[in-house]
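Per our numbering, the sequence shown starts with residue 813, numbered consecutively.
Please read the structure below before turning to the comments.
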Amino acid sequence: MIRIDELYDNTFWPWMQEHIPGTRMFYCDPPGHTSVNNLFNRGEDFVVESDYIFLHDQEPVDIDLYKTLFDDVIIRNNDIQPNPESWQEKAKGGIVVSEKGEYVDKLINAYGWRLYHYFWHGWAALDWYRGYDRTFLIKHAADRNPTKTFMSPNRIVGGKRDHRVLFLYEVFKRGLQGNHISAPRTCPVEQTDITHIASKYQDRIPDIARVLSTEELPITFANEDTQKMSSCWLDNFEAAADSMFYVPTETVYFGKRLHLTEKTFKPIALNAIYTCSTST
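This is the structure we're talking about:
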């Protein structure tokens, strides 16, 4: 199993050199970063380059949010001269993404890139969740006696993640906050109060800001001072064992798109830990 941070150099680049020589490879490093300062490329000095492929497979596709990055990919490849024999196929470059849907279609139409798919988050989950030695925590399903209906971690609520604010409103409105939940008062990335985010939905949900403002936030899991960025490793074992269901609030929700991340695979991995039989 190749580690996710070695994937570009040790898997994709050797394959491209052998099968599509003359093609540059662009990617962001470390994985998950989308600044132009994190944009790197691999190329060849002794081969005439006539094409490029950009692996944008860490983050959800958002043409507005990452416009600077996408534009920089174009700028860095302005020197490429298309192969005269196949210019119609090789002049535009290609992009690799981890999702499908209307947001991808919008991106392709705007930049004219050829589209390829690769399930980056599936590979990431295999890497991040493999090799965890937690056998001492394994419990047979018959030995479990959960006291909570569900658990749900929520950290970033700003930006494109309004769906988490709406979810938390429903939780508090329905009196379900006694379950294993984490929820911030202030978005840790944008430093925006959750009630300010909720005010955007005031016309449709008149009491949303009031409900969220009266709740004692932040809420954390046991032994946490604040919501942790921990979707890339397994944790909160006791909360998982004490819950009947795990409710992940994915990175994206709105729009017609198919996009799954490690957040969906984490509860699957935790469920396997807590329901696996220890008999041989």
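Yeah, the Cβ is synthetic: ideal placement off N, Cα and C, and Gly gets one too.
> At what residues does the alpha helix (DSSP H) containing Met-963 begin and finish?
Replying inline: Met-963 -> not in any alpha helix (DSSP H); beta strand (DSSP E) instead, spanning 960–964.
> Cα-Cα, which of Asp-821, Gln-870, Leu-851 and His-831 is closest to Pro-843?
Replying inline: Gln-870
>> Could you check whether the stretch 912–920 touches the stretch 839–858, counting it as contact only if at least three pairs of C-beta atoms, one from each stretch, sit closer than 8 Å?
In response: no
>> Using a Cβ-Cβ cutoff of less than 7 Å, which residues in the same chain neighbour Tyr-864 once the five nearest sequence positions on both sides are dropped?
In response: Thr-835, Arg-836, Phe-838, Asn-889, Ile-892 and Gly-905
>> Just list the residues that DSSP pairs His-992 with in beta bridges.
In response: Met-963
> In terms of alpha-carbon separation, which member of Met-828, Leu-938 and Arg-967 lies closest to Ile-1031?
Replying inline: Arg-967
> Does DSSP put Gly-987 in a helix, in a strand, or in coil?
Replying inline: coil
> Between Thr-846 and Arg-815, what straight-line distance do the alpha-carbon atoms span, to the nearest angstrom?
Replying inline: 20 Å
> Comparing alpha-carbon positions, which option in Lys-1012, Glu-1002 and Glu-1027 lies nearest Arg-986?
Replying inline: Glu-1027
> Going along the chain, which residues of its own chain have a beta-carbon closer than 6 Å to the beta-carbon of His-800, five neighbours each way excluded?
Replying inline: For the chain, the structure presents residues 813 to 1092; residue 800 sits outside this window and is missing.
>> Whole angstroms are fine: how far does the CA of Ile-907 sit from the CA of Leu-877?
In response: 17 Å
>> Please classify Phe-1066 as buried or exposed, where buried requires at least 16 other C-beta atoms within 10 Å of its C-beta.
In response: exposed
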